[in-house]
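Please read the structure below before turning to the comments.
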Amino acid sequence: MVADDVDALQQLYMAARIATFDWLPPKLFKLEDLQKSIEGEWVFVAIIDGEIAGFCSIWLIENFIHNLFVAPNSQGGNIGKSLINYAFAHGLKKPARLKCTVKNTNACGFYTANGWVVEQANVENNNDLSDDPYHLFVLT
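Quick note, the sequence shown lines up with residues 32 to 171 if you use our numbering.
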């Protein structure tokens with residue numbers, strides 16, 4: 032990736048988080064959050080018509096999808112599903128896991144519709160952004 036790619040990923044990450052986590056104040060989200068979020072992870076990027084439309088980052092050691100974000104104007108077009116499939120084709124193995132904030136009902140529905148199963152529900156969350164509980168999903 033080049034600097035322009037990083038800038039575009041940061042912009043997408045910020046826009047998608049603000050649009051998705053609409054119950055949180057936008058001032059909580061910073062462009063530099065992306066670097067911390069993907070550190071040590073494999074990152075797969077979806078590009079459509081020369082523009083970054085989404086990305087997926089995985090913590091390969093744990094077969095864990097840490098981030099899956101699609102640009103707000105590109106959602107609903109199978110980009111998320113394609114990114115997950117690409118991750119499986121390039122190193123991610125089953126059983127794979129991911130966390131999804133319970134309040135993010137669209138994403139929880141997306142994962143369920145694509146075969147993911149809630150392994151642990153309403154897990155207490157103690158991160159620096161939000162204390163909202165999450166579901167731990169698994170795909171076997």
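No residue lacks a Cβ here, since even glycine has one placed at the ideal position from N, Cα and C.
Exercise for the section: Report yes or no: do the region 134-152 and the region 73-91 share at least 3 C-beta pairs separated by less than 8 angstroms? Expected result: Segments in contact, no.
Exercise for the section: Could you check if Gln106 is buried or exposed, using at least 16 other CB atoms within 10 Å of its CB as the buried criterion? Expected result: Position 75 of the sequence shown, counting from 1, holds the residue named residue 106. When all chains shown are included, Gln106 counts as buried.
Problem - Residue span of the alpha helix (DSSP H) that contains Gln151, given as start and end - result: Stepping through the sequence shown from its first residue, residue 151 is reached at position 120. Gln151: not part of any alpha helix (DSSP H); member of the beta strand (DSSP E) spanning 148-154, first to last residue.
Exercise for the section: Please state whether DSSP places Thr132 in a helix, a strand or coil. Expected result: Mapped onto the sequence shown, residue 132 falls at position 101. It is a strand residue.
Exercise for the section: Run the CB neighbour count on Ala47, radius 10 Å, all protein chains shown included, and call it buried at 16 or more, exposed below. Expected result: Residue 47 sits at position 16 when you count from the first residue of the sequence shown. Under this definition Ala47 is a buried residue.
Exercise for the section: Hey, could you find the ends of the alpha helix (DSSP H) Asn116 is sitting in? Expected result: Counting from 1 along the sequence shown, the entry for residue 116 is found at position 85. 110-120 is the span of the alpha helix (DSSP H), which, as asked, contains Asn116.
Exercise for the section: Count the C-beta pairs between the region 86-101 and the region 118-128 that are closer than 8 angstroms, then say yes if the count reaches three, no if not. Expected result: Yes, they touch.
Practice task
Using the Cα positions of Val101 and Ser113, report the straight-line distance between them to the nearest angstrom.
Solution key: Taking the sequence shown and counting its residues from 1, the one referred to as residue 101 is at position 70. Taking the sequence shown and counting its residues from 1, the one referred to as residue 113 is at position 82. Distance between the alpha carbons of Val101 and Ser113 is about 11 angstroms.
Problem - Rounded straight-line distance, which links the Cα of Val149 to that of Tyr192 - result: Outside the shown range of the chain, which is 32 to 171, sits residue 192, and nothing can be said about it.
Problem - Cα-Cα separation, Pro57 to Glu155 - result: Counting from 1 along the sequence shown, the entry for residue 57 is found at position 26. Counting from 1 along the sequence shown, the entry for residue 155 is found at position 124. Pairing Pro57 with Glu155, the inter-Cα distance amounts to about 22 angstroms.
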